[in-house]
Amino acid sequence: MSQPRILMCPPDHYGIEYEINPWMNRSLGAVRELAFRQWRALHDTLKGLGVQVETMTPQPGLPDLVFTANAGLMFRNTFLSSRFRHEVRAKESPHFDAWLGEHGFEVKHLPENSYHEGAGDALFCGDTLFAGYRTRSDASAHQWVGKEFGVRVLPLELVNPRFYHLDTCFCPLAPGEALYFPNAFDTYGQRVLSTHVPKLIPVVEEEAHRFGCNAVVVGKTVVHNSRCPRLAEELARAGYRSIEVELDEFLKAGGSAKCLTLRLDGEEAASWKEK
């Protein structure tokens with residue numbers, strides 16, 4: 670197996686400078702020194718698991734550049750650049766596009782007048798791309814991606830504003846296995862998931878609100894935010910090792926472990942990863 674590759678961006682300029690989701694509150698702000706320690710703990714944990722962690726240069730005025738998962742969608746050697754719904758985040762795209770292009774990836778763009786926020790809303794589980802829509806990404810944009818890459822797309826409507834990206838409430842572990850928070854989806858979405866993912870592990874509400882689903886999977890190890898004991902127990906029962914890293918400073922912006930990482934070589938649950 671090839672060494673896992675993940676892109677991260679240090680939080681030198683991270684902060685709560687605007688409010689574009691229910692987690693963000695400018696009056697609370699973020700403690701930058703603590704954020705950097707928490708980011709470094711995640712970075713070092715991943716390196717300790719054998720991950721090749723690559724970093725891009727943080728940019729002043731782009732506090733959310735740290736959330737590299739939203740940069741775009743990886744598919745084999747292609748990087749499909751996000752089209753952000755909010756202009757404050759759209760300014761990130763040229764920096765992501767430049768980094769990915771300089772590192773050997775083919776950079777593609779979605780049609781104009783569509784919104785698609787990358788690995789925040791599009792996650793492979795096996796050969797199927799599960800796609801969150803409503804808050805940040807368009808269902809039509811997901812269908813365009815499916816045609817472009819020749820993959821099956823299953824759109825899932827996100828009905829809880831606190832879970833505004835799919836990766837906040839759904840985490841593929843391996844083909845046919847995933848974590849999820851049921852109440853982030855409507856009845857139809859829950860049925861789609863249960864039909865197409867044979868082994869679904871529900872996350873309880875309290876731990877879903879700590880973004881337990883927003884986890885990084887490296888082989889049989891799952892790295893997630895702290896104080897999620899039920900999740901750790903469920904993962905152990907399913908044959909996974911759980912590592913907790915406190916990331917509460919990033920929770921203030923509506924992000925956690927997964928948001929802080931872009932898997933460059935394909936997620937563990939992507940069936941094309943080793944092809």
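Quick note on numbering: the working numbering labels position 177 of the sequence shown as 846, and the sequence is numbered without any gaps.
Virtual Cβ for every residue (Gly too), placed ideally from N, Cα, C.
Selection from the options that minimises the alpha carbon distance to residue i
i, options, result
"Gly801", "Pro830, Gly819, Asn782, Lys816", "Pro830"
"Ile685", "Pro867, Val776, Val757, Asp766", "Val757"
"Asp836", "Gln812, Gly773, Leu869, Gly924", "Gly924"
"Lys921", "His682, Ala901, Ala704", "Ala704"
"Asp766", "Phe748, Glu781, Phe753, Leu916", "Phe748"
"Ala710", "Pro780, Glu915, Lys942", "Glu915"
"Ile675", "His712, Val700, Ala699", "His712"
"Phe880", "Phe744, Phe774, Ser671, Phe832", "Phe832"
"Trp701", "Ile912, Leu718, Tyr683", "Residue 701 is actually Arg in this sequence, not Trp. Comparing Cα-Cα distances from Arg701 to each of Ile912, Leu718, Tyr683, the minimum goes to Tyr683."
"Phe774", "Ser671, Ala699, Phe744", "Phe744"
"Arg942", "Leu900, Asp796, His811", "Correcting the residue type first, residue 942 is Lys in the shown sequence and not Arg. The candidate whose alpha carbon is nearest that of Lys942 is Asp796."
"Leu718", "Ser911, Lys868, Phe919, Cys928", "Ser911"
Inter-residue spacing [alpha-carbon to alpha-carbon] between residue i and residue j
i, j, result
"Glu817", "Ala788", "16 Å"
"Glu771", "Thr737", "16 Å"
"Glu637", "Cys838", "Because the chain in this structure spans residues 670 to 944, residue 637 falls outside the shown range and cannot be described."
"Asp934", "Val828", "30 Å"
"Glu903", "Asn746", "34 Å"
"Pro871", "His878", "13 Å"
"Arg896", "Val866", "26 Å"
"Asn894", "Val885", "10 Å"
"Ala791", "Pro898", "27 Å"
"Arg932", "Val776", "15 Å"
"Leu798", "Leu825", "10 Å"
"Thr864", "Leu823", "11 Å"
"Arg803", "Arg754", "11 Å"
"Ala740", "Glu781", "16 Å"
"Tyr834", "Val873", "For the record, residue 834 in the displayed sequence is His; it is not Tyr. Each residue's alpha carbon lies about 18 Å from the other."
"Ser783", "Ser750", "12 Å"
"Glu913", "His778", "35 Å"
"Glu786", "Asn852", "21 Å"
"Lys868", "Leu900", "15 Å"
Check whether residue i and residue j have beta carbons under 8 Å apart
i, j, result
"Val720", "Pro673", "yes"
"Val820", "Leu742", "no"
"Leu848", "Cys794", "no"
"Thr930", "Met677", "yes"
"Leu731", "Val722", "no"
"Trp768", "Met725", "yes"
"His708", "Pro680", "Looking at the sequence itself, residue 708 is Trp, so the reference to His does not match. In contact: Trp708 and Pro680 (Cβ atoms closer than 8 Å)."
"Leu636", "Phe850", "The structure shown does not extend to residue 636, since the chain is modelled only from 670 to 944, so the question has no answer here."
"Val887", "Ala926", "no"
Near the ligand MN: residue i beta-carbon under 7 Å from a heavy atom
i, result
"Asn894", "The ligand MN is not part of the structure shown, which contains no ligands of any sort."
Q. Pairing CB atoms from the stretch 835 to 850 with CB atoms from the stretch 923 to 943, are three or more of them under 8 Å?
A. yes
Q) Counting pairs of Cβ atoms below 8 Å between the stretch 906 to 917 and the stretch 742 to 761, do you hit three or more? A) no
Q. Are there three or more Cβ pairs, one per stretch, closer than 8 Å when the stretch 802 to 810 is compared with the stretch 848 to 862?
A. In short, these stretches do not touch, since the Cβ pair count stays below three.
Q. Residue ranges of each beta strand (DSSP E) run of no fewer than 3 residues wholly in the stretch 836 to 872, ordered along the chain?
A. 839 to 843, 846 to 849, 868 to 871
(Q) Quick check on the DSSP output: what are the complete alpha helix (DSSP H) runs of length 4 or more inside the stretch 792 to 836, in order along the chain? (A) 808 to 818
Q | Sequence ranges, alpha helix (DSSP H) only - wholly within the stretch 681 to 728, length at least 4 | A | 701 to 717
Q | Contained beta strand (DSSP E) runs [length at least 3] in the stretch 732 to 769, N- to C-terminal order | A | The stretch 732 to 769 contains these whole beta strand (DSSP E) runs: 741 to 744, 747 to 750.
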